[in-house]
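**Student:**
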Amino acid sequence: MNHGVDTLLVVMLLSCFLLLGASRLAAAVRLTAVQGFMIGLLPLAIEGGELPLRVAILAALIAALKAGVFPWLLMRTVRAARTTHEDRPLIGYGLSMLSGVAAVGAAFWLDARLSFSQDSGATLVVPVAFSVMATGLFLMVGRRTAICQVLGYLTLENGIYIFGLALVSGIPMLIELGVLMDMFVAVFVMGIAIYRISREFDHIDAAQLTSLKG
Amino acid sequence: MLGGSCIYSALAVPAALALGALLRLSTVARLRYLTLGTILSAASALPALLQTWAQGELTAAQGWLRLDALSALHVLLLLLAFVPAAYYAERYFRHAAQAGQFPPQTARRFSALWFGSLTMMMLVLSANNLGLMWVGMEASTLILAFLFCTQITPGSLEAMWKYLLMCSVGMAMAFLGILLIAAATRHTGLPVTTALLWTNLRDASQLLDPALVKAGFLFLVVGFGTKAGLAPLHNWLPDAYSQAPSPVSAISSGCLLNSALYCILRCLPLAEDASGQVGWARGVLVVLGLFSMIVAAGFLLAQRDIKRLLAYSSVEHIGIMATGFGLGGLGTFAALLHMLGHTLAKPLGFFCAGALAQAYGTNDMRRMGGVVRQVPIWGTGFVLALLALMGVAPGVLFLSEFLVLKSAVEQEAWWVVVIYLLALALAFLALLRRVIAIGWNAATPPPEQLPAQPEGRSMQLFVALPLVLILLLGLCLPFGLLHWIQIAADIIGGGA
């Protein structure tokens, strides 16, 4: 595994930490855009020298969607919702970042136990994938604003994508396109949902949506 | 070959109808379009079903699409839920449109998404590639989010958000599971492009890496289990069903839950074969199934909302099915039969509950009473549907619940027997109390807004037909159906 891949993965990890500490929604959206771009570059770096057309097209599509379209959609939602900050997260920023560190440690330990890395030849890919997934889940659980929960979902998907890159090479193009399209629709649907929630309730605090019980 | 093109037409017709639904039509015409279009979609799926019946299996698109007895049975259930639901939607929304709650724009979106979800469910059932199956499932998840939220209210938005988040994470987990199963094929020599075809996985199931398949199966159960409403991942379900329009609740409990379970069933024999037929994967299903039954029974006891009652009953029935599939053998057969019975009874329950809620202007069952006399058709229908869902003899659900029990006794799994009977008894009591109160309690004032004209003969027939089927199937299973379910059960495996 080459230096390019390792560099990208380290940047991914860093962006996860920043995401855990970000309180401005716009900044958090930009961070996921950076992550999306890294995700787009990753298959190119893994392929190294020669570049099959299939990989190139997919990489371009992924980068365009995750670093372009999704952030644009989410930024619009942030503006429409007129909420700029995650004010009182359910889990504080300091504790979030500490948990992030713990998650990275756990990811490396888990990777050593499961011995994925020996098989695929990449030492960093699987632990980073686990850490990114953990970050995503953490954001979905520990944040109040609906936007941050969507960002968590995107991060989770990014983690799964990295995991897939490490474990399975050559998933048929059709499936990859289908997955991408579904993700696109998911973000789109969530954006609309947030927009409607903000119009109906005058806030996008998902922790306050608790009227249905029993 | 004619065979393949049958599957194409079953997929293409609803897809085309979804596009056609974007045309500008009056609301009345659009509702007619919904009914006729759904019937047309069902008709277009029939040739594929018949051919599958005749030949055993049907493939298209170089093996990417495939129908066998198991998926054909699920397609049949899909149509059994969708066609009556569309017919009922026409009545339900005409009522809402008169009250000004169903503007043309909403109607347009609703009908397009209705056919969209039908197409995607069809794709899930006819996909032979696990990846493609996932794509269909995720797409139908997202489409359903909008259908749940057809009428925008604070409640429906909250339910939609909860549903979106829970099921999106669930679907992500399921995808992880599929990746793990793909990774497990490394030593089988299957080329990567076709490794995820279910038929290939089945043929090579002995060679799969057991640890990876086990991990993958767990993720798949968590992921699709969220969608199927297995406890403790069921939280979104009562919220969504109580806030959604009744036809949508009907299709999702009548076939969506089944389809999610179907995705797990496809992976069950793989996990069992790879882990050496020791019953590990089945055990997972039994535990989740029994837990769902117990949790649902608890919530049923305290339930006051008529639609939430039905939603928790869905959780209970999914639990019964999961237990049956987990027991294997006779249990698998019983669970498939139970699925059929549930798909007949549950949508009917939602239809009647929706009509009652419209008549009384509330979902609160404490404010409904004596419905058998006051709203005769829907009231009687609701009471009888609930009785069928309780598993009262001689309905088909009684037969299937009894067979699951028999299977557990035969295997001498006594703890399963005890928990299963306990949960069934609790749920029975909870529903019985409700049935008596809502059916014959004359103390409650009659509904303020009784339907303007009494329902005609067609509605009587509409309510009676599923009930008659439930009764007849409970009394005697036609040989063709019996044989069909038997073959489907053999595909899931576990020895018959």
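Residue numbers (the working numbering), protein chains in the order written: chain L, 154 to 367; chain Y, 408 to 903. Cβ atoms here follow ideal geometry from the backbone N, Cα and C, with glycine treated the same way.
Buried or exposed for residue 565/Y, please, with buried defined as at least 16 other CB atoms from any protein chain shown within 10 angstroms of its CB.
**Tutor:** Mapped onto the second sequence, residue 565/Y falls at position 158. Counting Cβ neighbours within 10 Å, residue 565/Y comes out buried, since at least 16 surround it.
**Student:** With DSSP collapsed to three states, give me the class of residue 498/Y.
**Tutor:** Locating residue 498/Y in the second sequence gives position 91, where the first residue counts as 1. Helix at residue 498/Y.
**Student:** Go ahead and label residue 883/Y buried or exposed: buried means 16 or more other beta carbons lie within 10 angstroms of its beta carbon, across all protein chains shown.
**Tutor:** Against the second sequence, residue 883/Y aligns to sequence position 476. Its Cβ having fewer than 16 others within 10 Å, residue 883/Y is exposed.
**Student:** With C-beta atoms as the reference, is residue 234/L less than 7 Å away from residue 357/L?
**Tutor:** The residue labelled residue 234/L in the question sits at position 81 within the first sequence. The residue labelled residue 357/L in the question sits at position 204 within the first sequence. Closer than 7 Å, so yes.
**Student:** So, at 7 Å on beta carbons, what are the nonlocal neighbours of residue 760/Y in its own chain, with the 5 sequence-adjacent residues on each side left out?
**Tutor:** Here the question's residue 760/Y lines up with position 353 in the second sequence. Once the five neighbours on either side are set aside, the close Cβ partners of residue 760/Y are 653, 713, 714, 717, 789.
**Student:** Three-state secondary structure (DSSP) at residue 240/L?
**Tutor:** Position 87 of the first sequence, counted from the first residue, corresponds to residue 240/L. If DSSP states are grouped into helix, strand and coil, residue 240/L belongs with coil.
**Student:** Per DSSP, which residues does residue 473/Y bridge with? Please list them.
**Tutor:** The residue given as residue 473/Y occupies position 66 in the second sequence. Answer by DSSP bridge pairing, in chain order: 466/Y.
**Student:** Mind checking which residues open and close the alpha helix (DSSP H) that includes residue 753/Y?
**Tutor:** To locate residue 753/Y, count along the second sequence from 1; it is residue 346. Residues 737 to 767.
**Student:** How should residue 828/Y be labelled, buried or exposed, when 16 other C-beta atoms within 10 angstroms of its C-beta is the threshold for buried?
**Tutor:** Your numbering for residue 828/Y matches position 421 in the second sequence. Answer is exposed; the Cβ neighbour count stays below 16.
**Student:** Check for me: the alpha helix (DSSP H) holding residue 710/Y runs from which residue to which?
**Tutor:** Residue mapping note: residue 710/Y aligns to position 303 of the second sequence, counting from 1. Unbroken run through residue 710/Y: none, as it is neither H nor E.
**Student:** Would residue 207/L pass as an interface residue toward chain Y - the criterion being a Cβ-Cβ separation below 7 Å?
**Tutor:** In the first sequence, residue 207/L corresponds to position 54, counting from 1. Judged by the 7 Å Cβ criterion, residue 207/L is not in contact with chain Y.
**Student:** Return the chain-ordered ranges of every beta strand (DSSP E) run that is complete within the region 279 to 333 of chain L and spans a minimum of 3 residues.
**Tutor:** Here no run is fully enclosed.
**Student:** I'd like to check one pair, residue 321/L with residue 423/Y: are the Cβ atoms closer than 7 Å?
**Tutor:** Position 16 of the second sequence holds residue 423/Y. Position 168 of the first sequence holds residue 321/L. No, these two residues do not count as a Cβ contact at 7 Å.
**Student:** List the residues of chain L whose Cβ lies closer than 8 Å to the Cβ of residue 606/Y, in chain order.
**Tutor:** The residue given as residue 606/Y occupies position 199 in the second sequence. Ordered by position in chain L, no residue passes the 8 Å Cβ test against residue 606/Y, which lies about 15 Å from the chain.
**Student:** To the nearest angstrom, report how far apart residue 350/L and residue 449/Y are at their CA atoms.
**Tutor:** In the first sequence, the residue the question calls residue 350/L occupies position 197. In the second sequence, the residue the question calls residue 449/Y occupies position 42. About 36 Å.
**Student:** Report, in whole angstroms, the separation of the C-beta atoms of residue 900/Y and residue 847/Y, which I expect to be a contact under 8 Å.
**Tutor:** Here the question's residue 900/Y lines up with position 493 in the second sequence. Here the question's residue 847/Y lines up with position 440 in the second sequence. Wrong, their Cβ atoms sit about 47 Å apart, outside the cutoff.
**Student:** So which residues of chain Y does residue 306/L contact, with C-beta pairs closer than 8 Å?
**Tutor:** As a working mapping, residue 306/L is identified with position 153 in the first sequence. The contacting residues are 572, 575, 576, 579.
**Student:** Return the CA-CA distance between residue 524/Y and residue 661/Y, expressed in angstroms with no decimal places.
**Tutor:** Indexing the second sequence from 1 puts residue 524/Y at position 117. Indexing the second sequence from 1 puts residue 661/Y at position 254. Distance between the alpha carbons of residue 524/Y and residue 661/Y: 13 Å.
**Student:** Taking residue 360/L as the query, report the chain Y residues whose CB atoms sit under 7 Å from its CB, ordered along the chain.
**Tutor:** Within the first sequence, numbered from 1, the residue matching residue 360/L stands at position 207. By Cβ distance, chain Y contributes nothing, its closest Cβ being about 11 Å from residue 360/L, past 7 Å.
**Student:** Could you give the residue range of the alpha helix (DSSP H) that holds residue 569/Y?
**Tutor:** Taking the first residue of the second sequence as position 1, residue 569/Y is located at position 162. Element bounds for residue 569/Y: 561 to 590.
**Student:** Determine the direct distance from the alpha carbon of residue 251/L to that of residue 757/Y, and round the result to whole angstroms.
**Tutor:** Here residue 757/Y is taken as the residue at index 350 of the second sequence, counted from 1. Here residue 251/L is taken as the residue at index 98 of the first sequence, counted from 1. Using only the alpha carbons, I get a separation of about 48 Å.
**Student:** What residues in its chain sit with their C-beta under 6 Å from that of residue 666/Y, if we drop five residues either side in the sequence?
**Tutor:** If you number the second sequence from 1, residue 666/Y lands on position 259. Here the set comprises 528, 531.
**Student:** At what residue ranges does the region 640 to 674 of chain Y contain a whole run of the alpha helix (DSSP H), taking only runs of 4 or more?
**Tutor:** Complete alpha helix (DSSP H) runs here, min 4: 643 to 650, 653 to 658.
**Student:** Do we get a CB-CB distance below 7 Å when we pair residue 542/Y with the residues of chain L?
**Tutor:** For the purposes of this step, residue 542/Y is identified with residue 135 of the second sequence, where counting begins at 1. Yes - at least one Cβ of chain L is within 7 Å of the one on residue 542/Y.
**Student:** Can you tell me whether residue 610/Y is helix, strand or coil according to DSSP?
**Tutor:** In the second sequence, residue 610/Y corresponds to position 203, counting from 1. Residue 610/Y falls in the helix class under three-state DSSP.
**Student:** Determine, using beta carbons only, whether residue 815/Y and residue 743/Y come nearer to each other than 7 Å.
**Tutor:** One-based indexing of the second sequence puts residue 815/Y at position 408. One-based indexing of the second sequence puts residue 743/Y at position 336. Not in contact: residue 815/Y and residue 743/Y (Cβ atoms no closer than 7 Å).
**Student:** Sort out for me which residues DSSP pairs residue 177/L with in a bridge.
**Tutor:** Taking the first sequence and counting its residues from 1, the one referred to as residue 177/L is at position 24. Per DSSP, 238/L.
**Student:** What is the DSSP secondary structure of residue 355/L, reduced to helix, strand or coil?
**Tutor:** Reading the first sequence from its first residue, position 202 is the one you call residue 355/L. Residue 355/L: coil per DSSP, three-state reduction.
**Student:** Would residue 476/Y and residue 895/Y qualify as a contact pair, given that the criterion is a beta-carbon distance under 7 Å?
**Tutor:** If you number the second sequence from 1, residue 476/Y lands on position 69. If you number the second sequence from 1, residue 895/Y lands on position 488. Yes; because the gap between Cβ atoms is below 7 Å, this pair is in contact.
**Student:** Please check the pair residue 538/Y and residue 328/L, which I expect to be a contact at CB under 8 Å, by giving their CB distance rounded to whole angstroms.
**Tutor:** Translated into the one-based positions of the second sequence, residue 538/Y becomes position 131. Translated into the one-based positions of the first sequence, residue 328/L becomes position 175. At roughly 4 Å, the Cβ-Cβ gap stays under 8 Å, so residue 538/Y and residue 328/L are in contact.
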